[in-house]
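Residue numbers (our numbering): 84 to 813.
Let me begin by presenting the structure, written as structure tokens, before commenting on it.
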Ligand code: NOJ
């Protein structure tokens, strides 16, 4: 048996053995990825000239292509079969932004684990997830696909998702390869316009956009996707500084880099290459190992090597990395879909149950002035709005192989919750977009007959995600007018928001007594929303993003700098607006409950530590209300005096705790001083000496307890030292 085919041989030797046998064309073939499976591509696969396909789905198709590669080609190298398994495969979970609202990484990890089990059973071996882009601009539609605005929360969720997809061991049959994307700073698009230029400082790059990628790499992510955008003049898919220096040298990333869809070809549009040869050279030299769909590597690499414009070693290195991942995944041993396993796991009861749990945990109660929870024995309930009975929107964007038929709409959820004697009336009212108010009359009429009106408004699922940037952040169309018209009937109103980004719903926030942020919650959306409306589940999610009052607030984020003139209402010459309150509509970390919590007895020990030590921050959290509920206790830190300006606060720890009425728990955050490191004026990553403020609270604005500690001296640390804050509950 050839060494590369022998699973008992070390992976390194299998890779070298295989590489030795490959022709230059076969090597370049491993660096090529195509979408779909046409006859032409099948021929290429049989010739061993393709390394990976994406978007090929269905057990028979998948097995057919894999067979063409393994039995049809000279060396029998299996294909990596990629797919955007973003928030579920067939069992669709809440969108990533909603999952981040759980502030519970175990939910993110389990959702990814389930998605991996389902996808792998049908032969998918690679997902283009998690998206770990920080987003501070809700105009950017892709904010829906990530964990929001905060580097710390984003890092924890990135870690959890990678571990979930890849499982304990990549070679397990139910593990799939993860891909952290879009490297890097894609979320910094100017004007929030997708694919747009990004121009940010090296400090912002490293302190804001890099941390979740760092967490993904240190969690063992197998692949990274290089982004579409240019960054400070150099496209991310041709960027030696970010791809070789930061990713490989500083972070020690050992997997391979795939470009985003035709991002190598687009180097020509960016204007840093005149033709495919220039584009391929830039990309391969920067360290992009695989060309997604662009066909540039096929057209250019061979000639570049023959002309001596690039060395064959560059190709060998890229192929080595790709093959190594294939071996680690166990693809050579276990390449095919497993119909029997698929029958057992896909959309099984356990997965559907967990989709409900994840959906409930993702809901954020934004406002509640005594309306919620609703009694179930109301006589008549009006359910109104274009999204109330929509079966597609709850799936959000990138819903993979999700099926709208599996979705429980909000109307259905409500109907299944109330007793038979409760009448549930429904009116659509208007469309999500457009200006027709024809349906208003019916909506007003059913509201007038009811004890409460539940308005389900927001965005369609395809209004966020890729290429779905918005210039306005209001409710689209005439939906706000619909809310106003129903509100004016005098019936108590509850607004349920279904959307993929923060919306500037200022009028609603000021007038409507109860608002639920439900995002797109996946197939169990209706049940989860109904559970919260009627109090069968007490909401405990918190916002992972700031809600602006108006689009003019953007970019807006809680961890901003203090400036030389922080806002002072009494002083005109301070940093504010003359025509709008500068404060957010709803702050980062905000979320209410049907119960209340108190925070008491903060202790910080020791008061002075050395770099490398741990600070113990403890307090008592008590449920002071009458129902069981969840609270997300949040730890923020500020360094009031530093060698460079620092944010007014930074999240450095959190924990979601469930407490019975009257129950008290002692929460201790074990804060590693490495979490406090930042780049000093010489751009060295240091834990800097001096005083640190400690803030414990229920949101970034609702700070309940404060204290401080000191670090005795300054110490430089490596980017590879990543320690998260642990929380202990007693
Ligand atoms: C383009 C998107 O930017 C990326 O997120 C996705 O994974 C690829 N297309 C593949 O579908």
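Note that beta-carbon positions come from the ideal geometry of N, C-alpha and C, so glycine has one too.
Counted within 10 angstroms of its Cβ, other Cβ atoms place residue i as buried (16 or more) or exposed
i           : result
residue 635 : exposed
residue 656 : exposed
residue 844 : No statement about residue 844 is possible, as the shown extent of the chain runs from 84 to 813 and does not include it.
residue 321 : buried
residue 84  : exposed
residue 309 : buried
residue 353 : buried
residue 458 : exposed
residue 252 : exposed
residue 804 : exposed
residue 104 : exposed
residue 654 : exposed
residue 554 : exposed
residue 240 : buried
residue 744 : exposed
residue 660 : exposed
residue 793 : exposed
residue 138 : exposed
residue 96  : exposed
residue 594 : exposed
Closer than 7 Å: residue i CB and nearest ligand 1 heavy atom
i           : result
residue 167 : yes
residue 265 : yes
residue 137 : yes
residue 109 : no
residue 343 : yes
residue 120 : no
residue 211 : yes
residue 549 : yes
Option in the options with minimal Cα separation from residue i
i           : options            : result
residue 373 : 603, 88, 499, 402  : 402
residue 795 : 756, 344, 314      : 756
residue 598 : 604, 622, 90       : 622
residue 536 : 546, 567, 556      : 567
residue 665 : 640, 685, 678      : 640
residue 427 : 727, 204, 734      : 204
residue 143 : 244, 420, 107      : 420
residue 628 : 408, 790, 587, 258 : 587
residue 280 : 264, 257, 317      : 317
residue 778 : 725, 734, 719, 771 : 719
residue 404 : 292, 483, 775, 94  : 94
residue 433 : 174, 147, 269      : 174
residue 478 : 606, 377, 260      : 606
residue 772 : 238, 799, 766      : 799
residue 775 : 749, 716, 810, 687 : 687
residue 303 : 391, 337, 239      : 337
residue 414 : 135, 725, 746      : 135
residue 451 : 591, 502, 482      : 591
residue 801 : 761, 731, 791      : 761
residue 781 : 808, 813, 714      : 714
residue 250 : 97, 344, 289, 199  : 199
residue 266 : 339, 646, 194, 256 : 339
residue 631 : 620, 645, 671      : 671
residue 508 : 517, 525, 516, 518 : 525
residue 616 : 496, 109, 87       : 496
Beta strand (DSSP E) segments (min. 3 residues) lying fully within the region 557-617: 576-581, 597-600
Minimum length 3: unbroken beta strand (DSSP E) runs contained in the region 741-807: Counting whole runs of 3 or more residues, the region 741-807 contains the beta strand (DSSP E) stretches 747-755, 768-770, 773-780, 786-794.
Alpha helix (DSSP H) segments (min. 4 residues) lying fully within the region 469-508: 493-500
Length at least 4, wholly inside the region 109-157: the alpha helix (DSSP H) runs in chain order: The region 109-157 is shown to contain whole alpha helix (DSSP H) runs of 4 or more residues at 122-129, 142-153, in chain order.
Uninterrupted beta strand (DSSP E) stretches inside the region 301-332 (no shorter than 3 residues): List check, beta strand (DSSP E) in window: 306-309.
Beta strand (DSSP E) runs contained entirely in the region 190-270, provided each spans 3 or more residues: 262-266
4 or more residues per run - each alpha helix (DSSP H) lying fully within the region 362-401: 379-389
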